[in-house]
Amino acid sequence: MSTAPTSIRPGGNSKGLTLTDILVTIVISVVFGLIYKIWGPMYDVLKPFGTHAEQLSYGMWFMAGTFAFLIIRKPGVAILAEISAAAIEAFLGGSWGISTLWYGLFQGLGAELFFAMFLYRKAGPLVAILASIGSAVASIFIDRHYGYIDQLAFWNYALFISMRVLGSIIIAGLFAWALARALERTGVLNLLRPASAKDYDALEG
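Add 10 to the 1-based position in the sequence shown for my numbering, that's all there is to it.
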């Protein structure tokens, strides 16, 4: 049996979200909603480093969904977390206004699809990476809908996508997974619900 820590919820639980699950997800969302709001300047900080370098910062705006799932590991958590975090950001005067909610919805769906693909039983780095890519791709479709990127040349568009996906993998994928692991090591998550042997194995899958 692997001794690596993982989420607090065994995979495959079909009982749905409990009140505790929802409250924990909302707390996570509030934290990330605040982070989303103050993360905005990073977009401009990275611009001088090269064409579309600012896209590397986008992974942070996808992290609520992946991180919340790594903690709760139940259907719907990624969507709930992303929408709630987006709502907090919008309420605090985020740059994209009400459209932030659409981004939250589709980014959550993009992540949720990959968690569902593994039947919510896997929470390893590969699954987190795939979910982060799902969120990135969903956000690009919304960008196209609003006409933000439809005038880019092919090479420019390919670079744009590559940089956003890379940032997503690093922040919303690997960093979110590492943070969830670190929290499990501290034992903090055991205050909510003890981890099972299945949980300890899942993060490696």
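Ideal placement from N, C-alpha and C gives every residue a C-beta, glycine not left out. Predicted model, so just to flag it, every value in this text is computed and none were measured.
- Runs of the alpha helix (DSSP H) spanning 4 or more residues and lying entirely within the region 80–164 occur at 87–101, 109–127 and 135–155, in chain order.
- Note on L199: 16 or more other CB atoms within 10 angstroms of its CB, so buried under the neighbour-count rule.
- Taking every protein chain shown into account, the CB of W71 has 16 or more other CB atoms within 10 angstroms, so this residue is buried.
- Pairing I98 with D31 gives a Cβ-Cβ distance that is not under 8 Å.
- Close CB contacts of G183 within its chain, under the 6 Å cut and outside five residues either way in sequence, are with A138, I139 and S142 (chain order).
- For P58, there is no enclosing alpha helix (DSSP H), since its DSSP letter is neither H nor E.
- DSSP places W71 outside any alpha helix (DSSP H), giving it a letter other than H or E.
- Following the DSSP letters along the chain, one finds V40 inside the alpha helix (DSSP H) bounded by residues L29 to W49.
- Nearest neighbour of L111 by Cα position, chosen from F124, I152 and A126, turns out to be I152.
- L102 counts as exposed, since fewer than 16 other C-beta atoms from the protein chains shown sit within 10 angstroms of its C-beta.
- Between the region 51–68 and the region 111–122, the count of Cβ pairs shorter than 8 Å is below three; the stretches do not touch.
- Taking C-beta atoms as the reference points, G86 and L44 fail to come closer than 8 Å.
- Between A190 and L29 a beta carbon distance of about 21 Å is seen, past the 8 Å cut, so the two are scored as non-contacting.
- Residue state for G26 is assigned as coil, using DSSP reduced to three classes.
- The straight-line gap separating the alpha-carbon atoms of V34 and I48 is approximately 22 Å.
- Going by beta carbons, F42 and A95 fall inside the 8 Å limit.
- Listed in chain order, the non-local C-beta contacts of I36 below 7 Å within the same chain comprise S94, local neighbours out to five positions each way being set aside.
- Contact between A121 and G144 holds, since their C-beta atoms are separated by about 5 Å, short of 8 Å.
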